[in-house]
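Below you'll find the structure, written out as structure tokens, and then a few comments.
Protein chains: 2
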Amino acid sequence: MTRLARPGGSPLTPRSVDVARLAGVSQKTVSRVLNDEPYVSPGLRQRVLDAAEELGYRRNQAARALASGRTRSIGVVTLGSALYGPVSWLAGIERAVREMGYTLRVAATIEGDPGGIAGALASLLDQGVDGVVISEPIDEGVGLISVDVPVLVLGAPPNFAAPQVVTARVGAGRFARAATEHLLGLGHETVHHLAGPQRWYSARDRLAGWREALRAHSADEPPVVEGDWSAASGYAAGRELAGDGTVTAVFAANDDMAIGLIRALLEAGRRVPEDISVVGFDDIPLAAYVTPPLTTMRQPFDEVTRRGLALLVQVIEKPDVELPPAADQPVELVVRASTAPPPPRPIPGRGRRAIPQAYGVPYGQPAGSEVPYTQP
Amino acid sequence: MTRLARPGGSPLTPRSVDVARLAGVSQKTVSRVLNDEPYVSPGLRQRVLDAAEELGYRRNQAARALASGRTRSIGVVTLGSALYGPVSWLAGIERAVREMGYTLRVAATIEGDPGGIAGALASLLDQGVDGVVISEPIDEGVGLISVDVPVLVLGAPPNFAAPQVVTARVGAGRFARAATEHLLGLGHETVHHLAGPQRWYSARDRLAGWREALRAHSADEPPVVEGDWSAASGYAAGRELAGDGTVTAVFAANDDMAIGLIRALLEAGRRVPEDISVVGFDDIPLAAYVTPPLTTMRQPFDEVTRRGLALLVQVIEKPDVELPPAADQPVELVVRASTAPPPPRPIPGRGRRAIPQAYGVPYGQPAGSEVPYTQP
DNA sequence: CGTAAACATGATAGCGCAGTCAAACGGGGC
DNA sequence: GCCCCGTTTGACTGCGCTATCATGTTTACG
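Each protein sequence line maps, in turn, to chains A and B. Take the first sequence: its position 130, counted from the start at 1, is 129 in numbering that gives the first Met the number 0, and no numbers get skipped. Take the second sequence: its position 375, counted from the start at 1, is 374 in numbering that gives the first Met the number 0, and no numbers get skipped.
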């Protein structure tokens, strides 16, 4: 049976003095050994390690933090939701934090709570974290926030004042531009955009990238439809767009909305990709398996978080060293079956068309629903 | 501009003594006020609060922890992945932890690392957490683990020795049984099961529930196909099952696998739900928007985590009080379009059938892919 | 009006480590 | 042989708070 004890949990768990006594050294020497400080003879070092092992000694982190002023922990401000993007950031952060020898404390912002970021940050700082990660920030009318520990901002421009602010971004704009250009390259006259909520920096980045691509190709810029990242909002947008006969290509700001959008298009009798092409964003694990498989942009979450945290830790430990410039991650477009060249000629008129005949398609015979489908 | 400072961050941040001096009381009185202890006169209390406010005082948690032996934090052992189930647990836990006035520390198990749970637990206990949440545990040959703080085990039987072990479970078995019975109720002779990895308790629960339902209805028990929760594994299973003409209904242990499964069936020319019905598990937000919309079991993540954490905190703070018995959550089946009665007569023979004509379906005309689809 | 409770405050002593400084030791250069 | 300097070790102190106990100060009630 594995036995795990919390230091200080009971009066019986050993203290560093106990280790010192057993090893026949001073308490300070135990501290030296355990912190890998120089000036300890190899013999003593081993004796201390053996004694610590024998007693099952674990350092009390609260005492360490109090005495040293450092907690060796990093706080992350995240959204308390199951959105794929934020969750993937969190998973990557956990891994990277542990790799760097730190521990992780989490504070979620409460959805829709303005000043939520400030609240979450305050909670983390109260806990004495040595650094903070803000993943995918939203600007809900919060002004500049000033924090007295280094900050890593993921996927957004920094609007924090801190001893050091480091940024690691995917560069969503470039990705959005590539997605849009993929559609233009297939021959679409223009590309509609189903945007994310514009309070999100990453949503604005994607919008900007889409706009850039259109301008660079002198394409018309159709009105933007804004969703809230959810498939439900994509579905709602899809019902709108399905009625517009001029739409032949849509770039959705994330995969969930893209999938909701596609569902609405299919229900309205618009085929994907024959009538309308759709590109998503994120490459969620399901993207390859929905019908039709989704063309999408893959985000390099892991590389970005790992690199960002390495910078953050460097800044925490050696505040004076100059940081290397951030390197952009390569853009990765995953082409699947939701994009194709536009239909031969523009569909005349507006409004719902008659339901067309189904193709005999090479891969599979999808089916609609027989049970009446109601919005959940 | 919002200014946030870390207690102890600089020598200038105020201490409780500073507050005491400003309020003209002893340091101990400040401590009393801030801990809401009785026996402080209202006048003094207010003076102390004002002084604290004026100085922007924040308590140093490390010192509090050291002096009191409690960190007011709860650790959660989680999987470092973006799987919907674990992630939803985590989101629910964060919310509940904050509601209870605690903070959250996270340690992820490293995938495929045996003893990963023990390692993550050790890391949390080293940090001095007052309680631990194990979400969706796996038993990777780890024996009984003994921990010296209370433990909340979500969604699984406890195999931990601790001062107190509380369990909060969805009761996945009952849910799986309901899912299976839904299919049997539609007239299917039996139901195949696409199981989750059997190292997971929740996967075993679901398998057991499925089996129970079959037995109760005296239905044949077909061989189980095991996936790894991913859509890719569902897809692989689907290729297998598509070749078996006797399959008319499948219960998948989660939605991702169900979606991968459906994709493979469609590609093989088996219609869903006309030829084969599929039920998923989780009710991920996308489930309503894939094609066909997925019939699935909704898990009450929030209720279960909230209730579980309330119990955990009670056990931490008042170890002697008797706990109320756990109440089962109601089973919730969300019927969408991926399930239907079986086809009129058993499909003769085995192997691939010719691609049938598409229905003119009431809701939408889904399309397959024209671009050749390759497994990612 | 006296006495026992209840209330209100403060002095003092740790919690378990890391930081500071001083002391002891040892080898090389003169 | 003496001094200097790098090495090795330990005694002592303090991080900022909570806990314990002692000391006043009221109130309750016979």
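Even glycine gets a Cβ: it sits at the ideal position worked out from N, Cα and C. Predicted model only: the values in this text are computed from it and were never measured.
In summary, the residues of the stretch 32–64 of chain B whose CB is separated from some CB of chain A by less than 9 Å are Arg57, Arg58, Asn59, Gln60, Ala61, Ala62, Arg63 and Ala64, in the order they occur in the chain. Measuring C-alpha to C-alpha distances from Pro341 of chain B to each of B:Glu331, B:Val320 and B:Gly244 identifies B:Gly244 as the nearest.
Per DSSP, His191 of chain B is one residue of the beta strand (DSSP E) stretching across His191 to Ala194. For the stretch 143–177 of chain B, residues whose beta-carbon sits nearer than 8 Å to a beta-carbon of chain A comprise Leu143, Ile144, Ser145, Val146, Asp147, Val148 and Ala160. Taking the Cβ atoms as the reference, Ser337 of chain B lies roughly 5 Å from Thr294 of chain B, within the contact range of under 8 Å. In the structure shown, Ala107 of chain A adopts extended strand secondary structure according to DSSP, grouped into three states. The way I'd put it, the stretch 185–197 of chain A doesn't touch the stretch 147–162 of chain A; fewer than three beta-carbon pairs between them come closer than 8 Å. Distance between Gln298 of chain A and Asp282 of chain A, taken at the CA atoms: about 7 Å. For Glu266 of chain B, the enclosing alpha helix (DSSP H) starts and ends at Asp254 to Glu266. Residue contact check for Asp125 of chain A against chain B: a CB pair falls below 7 Å. When the Cα atoms are used, Val223 of chain B and Leu183 of chain B turn out to be separated by approximately 17 Å.
Cβ-Cβ distances below 8 Å link Ser15 of chain B to Gln26, Val29, Ser30, Leu33, Tyr56 and Arg58 in the same chain, with the five nearest sequence neighbours on each side left out; the list follows chain order. Contact between the stretch 304–315 of chain B and the stretch 269–289 of chain B is absent, with fewer than three C-beta pairs closer than 8 Å.
Annotation: the stretch 147–229 of chain B contains the following complete segments of the alpha helix (DSSP H) (minimum length 4 residues), in chain order: 171–184 and 200–215. Assignment of Leu89 of chain B by DSSP, reduced to helix, strand and coil, places it in the helix class. Excluding five sequence positions before and after Val146 of chain A, the CB atoms of its chain that fall closer than 8 Å to its own CB belong to Leu120, Leu124, Val131, Phe159, Ala160 and Ala161, given in chain order. Here Thr28 of chain B carries a helix assignment [DSSP, helix/strand/coil]. Interface residue (Cβ-Cβ distance to chain B less than 7 Å): Gly208 of chain A is not classified as such.
Restricting attention to B:Ser67, B:Val24 and B:Val76, the CA atom closest to the CA of Ala51 of chain B is found in B:Val24. Between Asn253 of chain B and the set B:Leu3, B:Arg46 and B:Ala231, the nearest pair of CA atoms involves B:Ala231. Bridge partners of Asp35 of chain B according to DSSP: none are assigned. In its chain, beyond the 5 residues on either side, Pro13, Asp17, Val18 and Leu21 have a beta carbon closer than 7 Å to the beta carbon of Leu54 of chain B.
Contact of Pro284 of chain B with chain A is assigned, a C-beta pair being separated by under 7 Å. Closest option to Leu240 of chain A, judged by alpha-carbon separation, among A:Asp219, A:Asp227, A:Asp255 and A:Arg262: A:Arg262. The straight-line gap separating the alpha-carbon atoms of Gly74 of chain A and Leu322 of chain B is approximately 33 Å. Listed as beta-bridge partners of Ile133 of chain A by DSSP are A:Val76 and A:Val152. The beta carbon of Gly208 of chain A sits closer than 6 Å to those of Gly172, Ala175 and Arg176, all from its chain and outside the five residues before and after it, given in chain order. By the neighbour-count criterion, in which a residue is buried when 16 or more other Cβ atoms sit within 10 angstroms of its Cβ, Leu11 of chain B is exposed.
Annotated as distal: Val128 of chain A and Ser217 of chain A, with beta-carbon spacing of 7 Å or more. Contact between Val289 of chain B and Ile275 of chain A is absent: CB atoms are separated by about 17 Å, not below the 8 Å threshold. Counting every other CB atom within 10 Å of its CB across the protein chains shown gives Val303 of chain B a total of 16 or more, marking it as buried. A buried status is given to Leu206 of chain A, since no fewer than 16 other beta-carbon atoms sit within 10 Å of its beta-carbon. At a cut-off of 7 Å between C-beta atoms, Tyr234 of chain B counts as an interface residue with respect to chain A. Put simply, the backbone Cα of Gly154 of chain B is about 6 Å away from that of Glu135 of chain B. Taking all protein chains shown into account, Asp219 of chain B has fewer than 16 neighbouring C-beta atoms within 10 Å of its C-beta and is therefore exposed.
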